[in-house]
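For what it's worth, the numbering used here labels the leading residue of the sequence shown as 636, then goes sequentially. Scroll down for the structure; my scribbles are underneath it.
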Amino acid sequence: MAQHLITTKDLSNQEIEDLFTKAASYLHEPPKKVLQDKLIITIFFENSTRTRSSFEVAAKNLGAEVVSLDVSKSSTSKGETLFDTAANLDAMGPHAIVVRHKSAGVPYILSKHVTCSLINGGDGAHAHPTQALLDLFTLKRHLKDLKGKKIAIVGDIKNSRVANSNIELLTRFGMEVILVAPPHFLPQTHLRTHYRLQEVIDEVDAIMSLRTQTERHKFPQYASLKDYGSDYCITKELIKDKDLIILHPGPVHRNIDISDEVLADPRCKVLEQVKNGVAVRMAVLEKLING
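Below you can see the structure in the form of structure tokens.
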């Protein structure tokens with residue numbers, strides 16, 4: 636039976652550690668073509684730059700063939716159901732399908748209609764497992780043992796699938812997750828919450844900034860993003876010379892999420908996350924397809 640990756644809960648801690656060992660090896664030595672003659676299909680019903688291209692580069696690095704479905708030209712635009720689209724793609728014999736959709740739960744439902752591995756590339760505000768995996772991988776490479784370490788997740792947490800997946804995964808590996816956002820961006824939670832990053836900046840080992848998910852807002856939350864940025868932008872004045880690292884899943888709203896100066900600071904690991912993301916997704920594809 637094919638193994639799927641729908642949420643971070645689909646992987647045990649040991650499976651994740653094994654993935655990270657493999658991902659680390661991909662960063663240091665040329666990968667073998669372990670997916671030669673394998674076929675991977677990507678189908679993204681929401682816009683994506685990093686995730687989609689990262690999966691495609693990861694697949695090609697391992698020797699796989701990649702078919703990227705153009706949703707605007709697919710039969711879903713003619714009225715074909717998602718389930719029929721998935722079943723028809725599955726009939727073509729792929730070894731894995733990567734799906735992104737605006738509605739939470741779609742990848743899980745589609746996984747019941749395919750015989751190959753299905754990977755969630757992000758579904759609504761629900762989950763983004765490979766993003767959380769690469770974030771955890773990046774944190775472990777810099778902070779080593781995460782038990783007792785603290786991370787502040789800052790921004791539109793309520794509407795963020797990245798936040799959801801990271802909260803599950805980072806707490807499982809021993810980190811204390813602190814949520815920092817205006818009240819209307821905070822979910823109902825048992826975690827510590829604050830309205831201002833200044834309240835916790837002296838105790839955290841890492842900051843994860845999130846963009847405002849304006850496409851998921853029913854009503855405008857701010858007159859402008861600059862109004863939001865005036866309170867929640869990560870600036871040099873805020874982080875000073877503190878010993879911490881800064882993450883962001885992208886796309887970054889410059890000078891709203893993170894200032895230009897901080898993006899150029901060596902403590903900011905945004906581009907390293909992108910690099911690590913390819914290696915982590917290589918490890919995920921190899922595990923799910925080859926076992």
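Think of the CB as a built atom: it goes at the ideal place given N, C-alpha and C, for glycine as much as any other residue. These figures come from a predicted structure and were not determined experimentally.
Cutoff 8 Å; reference residue i; Cβ partners in own chain excluding five residues on either side
i: residue 702; result: 674, 675, 676, 677 and 729
i: residue 645; result: 638, 639 and 764
i: residue 873; result: 832, 833 and 836
i: residue 828; result: 813, 814, 815, 816 and 821
i: residue 624; result: Here the chain covers residues 636 to 926 and nothing more, so residue 624 does not appear.
i: residue 696; result: 661, 666, 913 and 917
i: residue 800; result: 642, 643, 762, 763, 764, 766 and 767
i: residue 923; result: 637, 638, 639, 640, 731, 752 and 754
i: residue 630; result: This structure cannot speak to residue 630, because the chain is shown only from 636 to 926.
i: residue 838; result: 785
i: residue 871; result: 894, 896, 897 and 900
Where residue i falls: helix, strand or coil (DSSP)
i: residue 686; result: helix
i: residue 874; result: helix
i: residue 668; result: coil
i: residue 720; result: helix
i: residue 796; result: helix
i: residue 810; result: coil
i: residue 655; result: helix
i: residue 953; result: In the structure as shown, the chain begins at 636 and stops at 926. Residue 953 is therefore absent and cannot be evaluated.
i: residue 880; result: strand
i: residue 845; result: coil
i: residue 639; result: coil
i: residue 816; result: coil
i: residue 859; result: coil
i: residue 588; result: The shown model of the chain, from 636 to 926, leaves out residue 588, and the question about it has no answer.
i: residue 663; result: helix
i: residue 852; result: Confidence at residue 852 is low in this model, with a pLDDT of 49, below 50, so the placement of that residue is unreliable and no value is reported for it.
i: residue 891; result: coil
Expected contact under 8 Å - CB spacing of residue i and residue j to nearest Å
i: residue 669; j: residue 925; result: 6 Å
i: residue 804; j: residue 643; result: 5 Å
i: residue 786; j: residue 841; result: 4 Å
i: residue 725; j: residue 750; result: 6 Å
i: residue 819; j: residue 846; result: Rounded, the Cβ-Cβ distance is 16 Å, inconsistent with contact.
i: residue 909; j: residue 903; result: With 8 Å as the limit, residue 909 and residue 903 do not qualify as a contact, their Cβ atoms being about 12 Å apart.
i: residue 886; j: residue 686; result: 11 Å between Cβ atoms; not a contact.
i: residue 716; j: residue 907; result: The Cβ separation is near 40 Å, so there is no contact.
Element boundaries [beta strand (DSSP E), containing residue i]
i: residue 755; result: 752-758
i: residue 703; result: 700-704
i: residue 674; result: 674-679
i: residue 730; result: Segment: none, residue 730 is in no beta strand (DSSP E) and carries neither H nor E.
i: residue 828; result: 827-829
Residue range of the unbroken alpha helix (DSSP H) whose run includes residue i
i: residue 896; result: 895-898
i: residue 777; result: 764-778
i: residue 938; result: Outside the displayed range of the chain (636 to 926) lies residue 938, so it cannot be described from this structure.
i: residue 928; result: This structure does not reach residue 928, given that the chain is present from 636 up to 926, and the question cannot be answered.
Own chain partners of residue i with C-beta closer than 7 Å, once the 5 adjacent residues on each side are dropped
i: residue 743; result: 641
i: residue 851; result: The pLDDT assigned to residue 851 is 48, lower than 50, so where the model puts this residue is not dependable; a value taken from the coordinates is nonetheless given after this. For residue 851, where only same-chain residues beyond five positions count, the Cβ hits under 7 Å are 760 and 794.
i: residue 890; result: 864 and 868
i: residue 680; result: 706, 735, 736 and 737
i: residue 798; result: 788, 792 and 845
i: residue 860; result: 847, 888 and 891
i: residue 694; result: 670, 675, 701 and 920
i: residue 692; result: 913
Cβ-based neighbour list, residue i, same chain, cut-off 6 Å, excluding 5 preceding and 5 following
i: residue 808; result: 781
i: residue 918; result: 654, 657 and 658
i: residue 758; result: 736, 739, 741 and 742
i: residue 784; result: 778, 810 and 840
i: residue 733; result: 677, 690, 754 and 756
i: residue 704; result: 678
i: residue 748; result: 718, 721 and 722
i: residue 746; result: 639 and 753
At least three beta-carbon pairs within less than 8 Å, the segment 785-798 to the segment 807-827
yes
Does the count of Cβ pairs from the segment 881-893 and the segment 655-666 closer than 8 Å reach three?
no
Count the CB pairs spanning the segment 717-726 and the segment 765-780 that are closer than 8 Å, and state whether there are at least three.
no
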